[in-house]
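Using the working numbering, read the sequence shown as starting at 2 and increasing by one per residue.
Idealized CB from N, CA, C, for every residue including glycine.
Take a look at the structure set out below.
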Amino acid sequence: MNRMNEPIEDFLRKYTNNESLIDIISQHFFKRTPTFFALGYFYVYQEYLYPKGGTGVLAQKLAEKIIEQGGVIKTNTVISAVDPTNKTLTDNKGNKYDYSKLVWGADLKELYSIIDILKLDNKTKENTINQKEKIMASRGGDSVFSLYLGINKPLEYFAKKSNGHFFYTPQKSGLSQTNKQELNNLISNFENLSKKDILNWVDKYCKLNTYEISIPGLRDKSLVPEGKTGFIASILFEYDLVKKIKDAGWYEEFKEEVSNKMIEVLQSSLYPDLKEKIIFKFSFSPLSYEKHVKTSEGGITGWTYERKSPVINDLKKIPKSVKTAIDDIYQVGQWAYSPAGIPTAILTGWYAFDSINKNK
Ligand SMILES: Cc1cc2nc3c(=O)[nH]c(=O)nc-3n(C[C@H](O)[C@H](O)[C@H](O)COP(=O)(O)OP(=O)(O)OC[C@H]3O[C@@H](n4cnc5c(N)ncnc54)[C@H](O)[C@@H]3O)c2cc1C
């Protein structure tokens, strides 16, 4: 993996000057994704295993196990202050909790913005401030726009066209400058552009993009009612643009426009009568991830690859990635190690457990 760590765009350019081909292979990945991750993914995703009943079952089973072992789970509870000197946490309703070991499994920008470091000893304070500066200077990685559809068509219709998880690029030309220079211009000149200018770009972006499509019912029939199908299509989407649109006051309209454009693209290519068969639809944007999952810039797999990682990104050092500068506070999950994803979340959880056990 370390030997193929260079960004996928640079790697492909060594073999071909054909920008469309480079786009088709790489445009579904985050900007500057390490080569091993991008090329490995096309193979790995085909071997994904899903729990019966859908991915949510994994969380349910974990929760059952935690409760069975005497654990307590508090949902709808946001930790809003961490006091490492007195080893307490405070939530958004003012409740206080003591801890002996704290394992922080969420965004590190959040941790460093709510932790009270004033009373820490000088050395720990200095190390924590250094780490905080690195964390605060970085940003969350790329985000996505996901469209969810309930469709009045049987699974058999979809089974004739694909399996349950695939990538689809309707046009061979590739995104090219659409998600590079053109997008940057759009963001930097946003205030001087009209809604029509932005939507024209969105139209082109949706037409030239790669769609990651999931049809969970094709793996597990029990997930859908007879004769109907649940369908998810995702495309990468830049947080900064959506944020500007929200600030300009037309976010809901924008979400509707992107959803409709995505439906049009799918209707004019893979599924000719899709529109009239839709029973319901909803979507999740980079701002939804930021709001509901509390991730910086709506990032879906931790830190951006466009800047130097503020956390460990050498596989050999992953066991150390769970340590913070403060005794008895550990960090795990997609913000603790880069590159991230489900395996990182599981591995760092394991290493934190291991480290706590050794230091008992
Ligand atoms: C559409 C999509 C596709 C993906 N595909 C893949 C894939 O194919 N392979 C892969 O490996 N990964 C994939 N990922 C990424 C993967 O899902 C994440 O990296 C992983 O779920 C991160 O897990 P985590 O436990 O670190 O963090 P999270 O799942 O983000 O959990 C953190 C939790 O902490 C909570 N929280 C945040 N702040 C606070 C606070 N102050 N107080 C209390 N709670 C708080 C959040 O609400 C959240 O529930 C995908 C993600 C998305 C969105």
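Check	Outcome
Who pairs with K324 in a beta bridge, going by DSSP?	Y331
Counting only the same chain and skipping the five closest in sequence on each side, list residues whose C-beta sits under 7 Å from that of I79.	The residue asked about is misnamed: residue 79 is Val in this sequence, not Ile. Cβ neighbours of V79 beyond the five flanking positions: D92, N93.
When the Cα atoms are used, what is the spatial distance from A64 to G55?	15 Å
Can you check which of these residues, K102, K276, S286, L271, is closest to V259 by C-alpha distance?	S286
Is P287 helix, strand or coil by DSSP?	helix
Count the other C-beta atoms from every protein chain shown that fall within 10 angstroms of the C-beta of H367, then say buried if there are 16 or more, exposed otherwise.	The structure shown does not extend to residue 367, since the chain is modelled only from 2 through 361, so no value can be given for it.
Around the Cβ of M2, are there at least 16 other Cβ atoms within 10 angstroms (buried) or fewer (exposed)?	exposed
Drop a sphere of 10 angstroms on the beta-carbon of T129, count the other beta-carbons inside from all chains shown, and report buried for 16 or more, exposed for fewer.	buried
Check S189 in the structure and name its three-state DSSP category.	helix
Is the separation between the beta-carbon of K295 and that of A82 shorter than 8 Å?	no
Should V225 be counted as a contact of ligand 1 given a C-beta to heavy atom distance under 7 Å?	no
Is I67 near ligand 1, in the sense that its beta carbon is under 7 Å from a heavy atom of that ligand?	no
Can you list the beta strand (DSSP E) stretches of 3 or more residues lying completely in the segment 199-274, in chain order?	212-215, 230-238
Candidates N6, V312, S269, S270: which alpha carbon is nearest T1's?	Examination of residue 1 is not possible in this model, given that the chain is present from 2 through 361 alone.
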